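Please read the structure below before turning to the comments.
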Amino acid sequence: MTASPAELPETPSAEDPAGEGPRLAPVHPRTMVEQAAEAVVAAAARGVFLPGDRLVEAEIARELGISRVPVREALRLLESQGIVVSTPYKGMRLMQITNRAVAELMRVRTALEALALREILAAGPATRARLAPARRAADRYLAVAEGPDTAAIVAADESFHGEICRLSGNAVLHGIWLSVARQLSVVWGLGHDVRPKPRIASEHAEILERLERGELEGAQAALDRHLSWHEDLDFERAVERRRQAKARG
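Written out as structure tokens, the structure reads:
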């Protein structure tokens, strides 16, 4: 006779080989550390923090209304992602932006997204249903594009491109893209107003339409046009202008 579940002896699980409690803490979708990190990145996108600015743990904690511990961990997380740089005797500072660094970052980003397009089509027809998450992200961008919140605009653009990489089905590709996404947010914050927002939205739509028609070369050409905006912007000068405007109050 088979024992009922209630009669079966408890057997240590793979997660609990010794039967002494879980080895790993439960995962929460958004921890306080993650939220603090997102708040710092959003502030950078809005120009509250400029490249090279010192990030004072106590001040950030006070403005967020939380203790210094999660802020400290958030800054360490951002440091591991290249957004924050720790310098002896100078503390934590937001990453510096140079034209060369932006060009290098964008080359990597373009290569990742071009590979994502190829992998999407290699996996089969890019039907409208399959591309639905990216279309929703494109719609969100359009909804916030003319609003006043730079951070929301930057986040919506990031979400669209993140969905393209996720839909590739290549977890390694998507993971690498996520590892540079926050650096891209700082860059986008400086250049989000370079081009008209309706044009950006139409470029999102063109990329998806080309994918849906199975036109790899057309989709890649549309992506290249979409991502080439940074070539016309002097980021170092843009940082200096913002710093001067900030000093004037």
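In full-length UniProt numbering, the protein residues as written are 1 to 249.
Think of the CB as a built atom: it goes at the ideal place given N, C-alpha and C, for glycine as much as any other residue.
Remember, predicted model here, so these are calculated numbers, not experimental data.
Measuring straight from C-alpha to C-alpha, what distance separates residue 138 and residue 211? 14 Å
Among the residues of its own chain, which have a CB less than 8 Å from the CB of residue 236, if the five just before and after it don't count? 97, 98, 99
Using DSSP's beta-bridge definition, name the partner residues of residue 87. 91
Span of the alpha helix (DSSP H) around residue 191: 171 to 191
Alpha carbon to alpha carbon, how far is residue 105 from residue 173? Give it in angstroms, no decimals. 15 Å
N- and C-terminal bounds of the alpha helix (DSSP H) containing residue 150: 150 to 166
Within 8 Å, do at least three Cβ pairs link the region 102 to 116 to the region 175 to 185? yes
Go ahead and label residue 283 buried or exposed: buried means 16 or more other beta carbons lie within 10 angstroms of its beta carbon, across all protein chains shown. Since the first residue shown for the chain is 1 and the last is 249, residue 283 is missing from the structure and cannot be characterised.
Contacting residues, own chain, Cβ-Cβ under 6 Å from residue 133 (five flanking each side not counted): 163
Inter-residue Cα distance where the pair is residue 324 and residue 71: Shown here, the chain extends from 1 to 249; a query on residue 324 therefore has no answer.
Can you list, in chain order, the residues of its chain whose CB lies under 6 Å from that of residue 203, leaving out five sequence neighbours each side? 226
Buried or exposed for residue 194, please, with buried defined as at least 16 other CB atoms from any protein chain shown within 10 angstroms of its CB. exposed
Do you know how far the Cα of residue 93 is from the Cα of residue 55? 5 Å
Give me whichever residues DSSP pairs with residue 54 in a beta bridge. 93
Own chain, CB closer than 8 Å to residue 67, minus 5 neighbours either side, in chain order: 61
In this structure, how does DSSP classify residue 69 when only helix, strand and coil are distinguished? helix
For residue 27, name the three-state secondary structure that DSSP assigns. Confidence in residue 27 is poor, its pLDDT being 48 and thus under 50, which makes the residue's placement unreliable; the coordinate value appears in the next sentence. Reduced to three states, the DSSP call for residue 27 is coil.
Given a cut-off of 7 Å, decide if residue 130 and residue 41 are closer than it, judged by their beta-carbon atoms. no
Nonlocal neighbours in the same chain, by C-beta distance under 8 Å from residue 214, ignoring five residues either side: 121, 125, 126
Hey, residue 159 and residue 140 are a contact pair by Cβ (cut 8 Å); roughly how many whole angstroms apart? 7 Å
Bounding residues of the alpha helix (DSSP H) (the contiguous stretch that carries residue 143): 132 to 144
Checking 7 Å against the spacing of the C-beta atoms, do residue 190 and residue 238 come in under that value? yes
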